[in-house]
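Have a look at the structure below before the remarks.
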Amino acid sequence: MLREDGTLAPEYDPQLSTDEVLRIYRQMVQTRIIDERLVTLQRQGRIGFHIGSLGEEAAIIGSAYAMREEDWLFPCYREFGAALLRGLPLQRYIDNMFGNANDPVKGRQMPDHYTCREAHWGSVSSPIGTQMTQAVGFAWAAKIEKKQLATLVYFGDGSTSSNEFHNAMNFAGVFRTPCVFFCRNNGWAISVPVERQTASQTFAEKGIAYGVPGVRVDGNDLFAVVGVTRRAAERCLAGEGPTLIEALTYRMGGHSTSDDPNRYRAADEVKPWVERDPIERVRRYLELAGAWDGDREEALREAVDQEFREAVKLAESTPAPELSTLFDDVYRDLPWHLAEQRQELLAGPRAPKAH
Amino acid sequence: MLREDGTLAPEYDPQLSTDEVLRIYRQMVQTRIIDERLVTLQRQGRIGFHIGSLGEEAAIIGSAYAMREEDWLFPCYREFGAALLRGLPLQRYIDNMFGNANDPVKGRQMPDHYTCREAHWGSVSSPIGTQMTQAVGFAWAAKIEKKQLATLVYFGDGSTSSNEFHNAMNFAGVFRTPCVFFCRNNGWAISVPVERQTASQTFAEKGIAYGVPGVRVDGNDLFAVVGVTRRAAERCLAGEGPTLIEALTYRMGGHSTSDDPNRYRAADEVKPWVERDPIERVRRYLELAGAWDGDREEALREAVDQEFREAVKLAESTPAPELSTLFDDVYRDLPWHLAEQRQELLAGPRAPKAH
Amino acid sequence: MSQMNMVQAINDALRLEMQRDPRVVILGEDVGKVGGVFRVTAGLFDEFGDDRVIDTPLSEGGIIGAAVGMALYGMVPVPEIQFSDFIFPAYDQIVSELAKYRYRSGGEYPCNMVIRTPVGGGIRGGHYHSQHPESLFIHVAGLKVVCPSNPYDAKGLLLASIRDPDPVLFFEPKRIYRAAKGDVPEGDYTVPLSQAAISREGSDVTVLTYGAMLYECLDAAERVAEQGVQAEVIDLRTLWPVDIDTIVASVKKTGRLVVVHEAPKTGGFAGELISLVCEKAFYHLQAAPVRVTGFDTPFPYTLEMEYLPLSHRIVPALLGVMKG
Amino acid sequence: MSQMNMVQAINDALRLEMQRDPRVVILGEDVGKVGGVFRVTAGLFDEFGDDRVIDTPLSEGGIIGAAVGMALYGMVPVPEIQFSDFIFPAYDQIVSELAKYRYRSGGEYPCNMVIRTPVGGGIRGGHYHSQHPESLFIHVAGLKVVCPSNPYDAKGLLLASIRDPDPVLFFEPKRIYRAAKGDVPEGDYTVPLSQAAISREGSDVTVLTYGAMLYECLDAAERVAEQGVQAEVIDLRTLWPVDIDTIVASVKKTGRLVVVHEAPKTGGFAGELISLVCEKAFYHLQAAPVRVTGFDTPFPYTLEMEYLPLSHRIVPALLGVMKG
Ligand SMILES: Cc1ncc(C[n+]2csc(CCOP(=O)(O)OP(=O)(O)O)c2C)c(N)n1
Ligand SMILES: Cc1ncc(C[n+]2csc(CCOP(=O)(O)OP(=O)(O)O)c2C)c(N)n1
Ligand SMILES: [Mg+2]
Ligand SMILES: [Mg+2]
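Residue numbers (our numbering), protein chains in the order written: chain H, 785 to 1139; chain V, 785 to 1139; chain R, 24 to 347; chain P, 24 to 347.
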């Protein structure tokens, strides 16, 4: 749909205004810059971990953009750009990266494991796939309560091998739940390539096993992603049930800051994807439309950088969560055994700081 | 393939000799009679449970017949007829129904949960689906060790919803393991009809999601079942990988002796299937071929009955397993804690007999 | 008041709560039209329809995963697992997700739901229709675990569990589904969680138990009473968070402790209870605490009555602990 | 002899056993080309090829289910679960199948296999890269559970586990994967299962522990020694079946017991150990046995060092139990 030279194939145009494209573009650029900065922070030992979205920004942010504000999104772990677009405050995201006292998740989870109910955004979890079945239940509840609501769920190609994909797709098919399964096929599950993940021709065709229509889209084509996701969301609202979208993209970086992809893939495998860079494609489009230029790019980058630096500064100077918060939220009310354990911890000596 | 009037559609003929058909037919009849008798024993309180195969005999016994002696079969729980065909001694089966001291499973499992390694037959388990993934691992091991071996695994339509189906099919597809997935689509999973199980059009097409060829066969047509299963086994041996077979049949009885199907399905739903009775069809074929008649039928039934009665008599008069066997086979060698527990049990008072 | 068995009492609780709270939905295998393989949900499909009493595909992981999603939305799902032996395909969703949701989201995503499932042996079920897996859930922070022993408690505890803001595993002892009968009030009432019941008072030894084994303990208590030993039998009702005060008060009174449960001994809940008593009342113990439990083998078929910790095995334990 | 860390020692054991026994295969996520996310299987793919060191699709249930099938065939699979936190999608295959296969088949189908998986906290892993789930397996009859604390034991115990005829869960404490170093013999040797090691002798109090917490216990022991308390620290090495004789002999000598583990307290292995000691040496106990464990919350991130039962929390427990 969006050609590599930045021109638009007319027939599937999702009719995004230039302002809309600008908004998405800004989000994509912000996401890319934050990704780079967070890797640096991790290398400096200032944060413990980051899992990025390098190369997948069109798939992630375009799909989120296609959903209405009242719709719900269930994240995998690589979609902070979509969360920011949906309204997750940057400060909140960065506080999570530092696990500090302001982190609403109270420093309990690893970096990139945040939550944002007000943005209609689920809770990032590590175990692969669990969010899929939950998203189906969520969409199903909305359907039972006759609410006009679509629910989108993110997952990777590797996640299609999990129990959860099977359960989620099967329940969605049988109960025609209004949900969009958004598969980021980025070619890899850590070191395992897609050929080792499945013998099916495509991930989209897995829908056949569940009576769920599947569609494959160029995940580096922002317009195609928005168009296809919108259509799937409309099907949800029209009572036509779920759709499986396979967005073909590429994980241009390592799996996370803990991973070194040179161990298992040749550098030149990445090259063709550099040419398909989703951000470059949108920038060329905007430039052709006369809506973007080098100055604006520079100003954007500076603004993003500035905002990021301030957020980091605040987050880094914020102390760790209070000791006693360790025992909150296990249950709504503190039971006797946790009251005792809290008392024991607070009254006892403090742990050595170093890891 | 086998028309309802007993004539054979020539084009897919598996070339069974009359002797072969006679052997299978005898097994089908024996299976049907034992099924009926076991239900009676259960109603009389003499055994605790039975799960039968009424109406599914062609699918079950035909598929087992199609496999070579050296091949392996992993059972679900409804295939005792296939086990008998493979060489499970009737007495051993009946001993298991009574859970007595002669039961090689030592009275540890419910009736119909037997094992028979010498017949290249797995171990019946209750948890749905687990045997599928194991069968894939078994077939895979044979492949790694370069043995010419095919492995067949039985499961029901309901079992396709389990985690295990997904894992088994996916691993089989990726590693091209030499196994035959034999799905008995008998229309029901206890009270849940197939429409509630999946939104896919057929179970066979679920293979697409895994790059595994799927084929649908009339499961009440013995010849078709043998032909299709043989072809799948040949593919295994030729290194062409797994096949998913959907055998369309019908569970003419309750799910088990614990179930009353009148609670959830209309009696007249069963009627058309009575006309498609797989045993009747083979009998008509044999009669047309001049290889069967009323006298032979009566003699067969009498022989089966006689053998069954004797097996039951012996099984029923065999005592329960020794108390100390309770602690064997948890591990190969008895660890200290089980030695202590055994000592405690043997030295203590005996339990009341009644349930 | 009317006489009910456990099945009827649980059914009554479900019906009442579904009438009262439109957010309550039931889902599971065979729970709809046929009303459950134990008939616990009988009649609810007809009364509330397919949107609220839902027959699902055969996947416990799907049932619990979808129920968690419903709970995140704000519904109150009460999924049924047909036998607790079949809960393990859903174990990941329970342990990794359901139990941790409130905590990991800083309170943004609590899950109000109750997983109902039959437990226990003595019904000729063999390995896979007899297990009592409570300790595999008690160890997991964030879950509550309940196990009633009679119809009154079953109804009251289930209503309390459904209204409880935290996820509850509700284990129904299937051996006494029909055998345990009693008066049950017709309308609404709850039995609060985390409160044990003293089923029999006694001064000599404390017996902790729950579910179907309560009756075995009571029987054993009567038998040893003939020999002058007065056992105090405590029905824990809620296993976690357990009613520690009642336990400790009793042990301080009796100075002796026997714990009885069907589950295998090693790593079973009895070990936890004994350790708690050691922490809180060690110097009151006049004898070594004793466990009477299932053995450390898979649950057997033919010899199941020898496996279970029935009265005939509890009696010697009670007499033994008195000599300690 | 050469200096190795835990990762190298385990790698060495795997290589040796694969050379010795052609039935041994490794399968799991990222175990092949990349050699495991902790590099424990590094180099094995190159040496033994894709048929014996197998990168699988992302499904723990598939990995363990297929491995069970391989074991039934007669191979000896050594599957890896990338983090023990991700073992739960395979829990059904482990608990319902692997653990019960020998028993339910009357001995016809034993499963000789070892599941290797990293456990434990202190590596900034949060909820899902830090858990220590041993008690969820110790409760399941038919499984053996091992947890080494140093390179020598890691190699010797892994070789013993692979050769053991029963299924073994082999838990590798990831916090000391590289930190624990020591001399490791080059060739073949085994450390027998079910034998504990007395890591430090002492006369005043018995400390039971395993894995990474051993070093915390040893540190605490040194610290209390300055105050005249001599702690005997026992590294259990095999958690189940545990070496009961060594435990009981030590407690009979010292009269005091402290159990230390990372896993949450409630329903953790400490409860089992205390109950066992109560059963076998109650009248030797001079003080209430004490648990120093992880708290009953999900495993935290920022505050993980406060969560873990490190030396600073063990010291007061040791001093406390001496006053008892
Ligand atoms: C149940 C489970 N098993 C293993 C892991 C470890 N793990 C984390 S991400 C990952 C690969 C996921 O690949 P994919 O689904 O393609 O997503 P991507 O990372 O490529 O976006 C693995 C194996 C996990 N988090 N959960
Ligand atoms: C994991 C699990 N969940 C539930 C059950 C209870 N159960 C036993 S058989 C059955 C239905 C199986 O249906 P299907 O796979 O179609 O096989 P069929 O009985 O029709 O041959 C159910 C739900 C079980 N045995 N295991
Ligand atoms: Mg991927
Ligand atoms: Mg069926």
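Ideal Cβ placement from N, Cα and C applies to all residues, glycine included.
Close partners of M328 (chain R) in chain V (Cβ separation under 8 Å): A1135, P1136, K1137, H1139. Each of V:D1089, V:R1093, V:G1132, V:V937 was checked against the Cα of Y330 (chain R), and the nearest Cα belongs to V:G1132. For M894 (chain V), the three-state secondary structure derived from DSSP is coil. One thing to note: A842 (chain H) has its Cβ within 9 Å of the Cβ of N1004 (chain H).
Legend: CB atoms of the stretch 1046 to 1072 of chain H lying less than 7 Å from CB atoms of chain P belong to residues R1047, Y1048. Within the model, the alpha-carbon separation for M345 (chain R) versus D1117 (chain H) is close to 39 Å. Against chain H, the beta carbon of G179 (chain P) has no neighbour under 7 Å; the closest one sits roughly 29 Å away. If you compare the alpha carbons of V:L838, V:A1022, V:R870 with that of M851 (chain V), the shortest gap goes to V:R870. Annotation for S907 (chain H): T899 place their beta carbon closer than 7 Å to its own, counting only its chain and skipping 5 residues before and after. Between the C-alpha atoms of G291 (chain P) and L166 (chain R) there is a straight-line separation of about 15 Å. Of the heavy atoms belonging to ligand 4, at least one sits nearer than 8 Å to the Cβ of W972 (chain V). The beta carbon of T982 (chain V) sits closer than 9 Å to some beta carbon of chain R.
Under the DSSP assignment, P174 (chain R) falls in the alpha helix (DSSP H) whose first and last residues are 174 to 186. Chain H places a beta carbon closer than 9 Å to that of P112 (chain P), counting this residue as a contact. Note on the stretch 958 to 1030 of chain V: whole beta strand (DSSP E) runs with a minimum of 3 residues are 963 to 969, 998 to 1002, in chain order.
If the five residues before and after D211 (chain P) are omitted, its C-beta is found closer than 8 Å to the C-beta atoms of L39, R43, L182, all from its own chain and listed in chain order. At a cut-off of 9 Å between beta-carbon atoms, R892 (chain H) makes contact with chain P. Between the alpha carbons of I818 (chain V) and P962 (chain V) lies a gap of roughly 33 Å. Secondary structure note for I33 (chain R): its alpha helix (DSSP H) is the uninterrupted segment 29 to 43. In terms of beta-carbon proximity, I138 (chain R) stays away from the interface with chain H, with every pair separated by 9 Å or more. The DSSP-derived three-state label of S1108 (chain V) is helix. Only exposed fits S801 (chain V), as fewer than 16 other CB atoms lie within 10 angstroms of its CB. In the structure shown, A254 (chain R) adopts extended strand secondary structure according to DSSP, grouped into three states.
For the pair E52 (chain P) and E103 (chain P), the CB atoms are nearer than the 9 Å cut-off. Runs of alpha helix (DSSP H) with 4 or more residues, each lying fully within the stretch 254 to 318 of chain P, are found at 267 to 277, 292 to 304, listed in chain order. R139 (chain P) sits in a strand when the DSSP states are folded into three classes. Ranked by Cα distance from W924 (chain H), the options R:M98, R:F111, R:P190 are led by R:M98. Distances taken from the Cβ of R980 (chain H) to the heavy atoms of ligand 3 include none shorter than 8 Å. Distances from the CB of P141 (chain P) to the heavy atoms of ligand 1 are all 8 Å or more. Boundaries cannot be given for R830 (chain H), as no alpha helix (DSSP H) includes it and DSSP labels it neither H nor E. For the stretch 817 to 846 of chain V, the beta-carbon criterion of a distance under 8 Å to any beta-carbon of chain P is satisfied by none of its residues.
For F922 (chain V), the chain P residues whose C-beta falls within less than 8 Å of its own C-beta are G92, M93, L95, Y96, listed in chain order. With respect to the C-alpha of M27 (chain P), the residue from P:P208, P:F193, P:P188, P:V48 having the closest C-alpha is P:P208. Assigned with DSSP and collapsed to three states, L1098 (chain H) falls in helix. Cβ atoms of I1029 (chain H) and F959 (chain H) stay farther apart than 8 Å, at about 19 Å.
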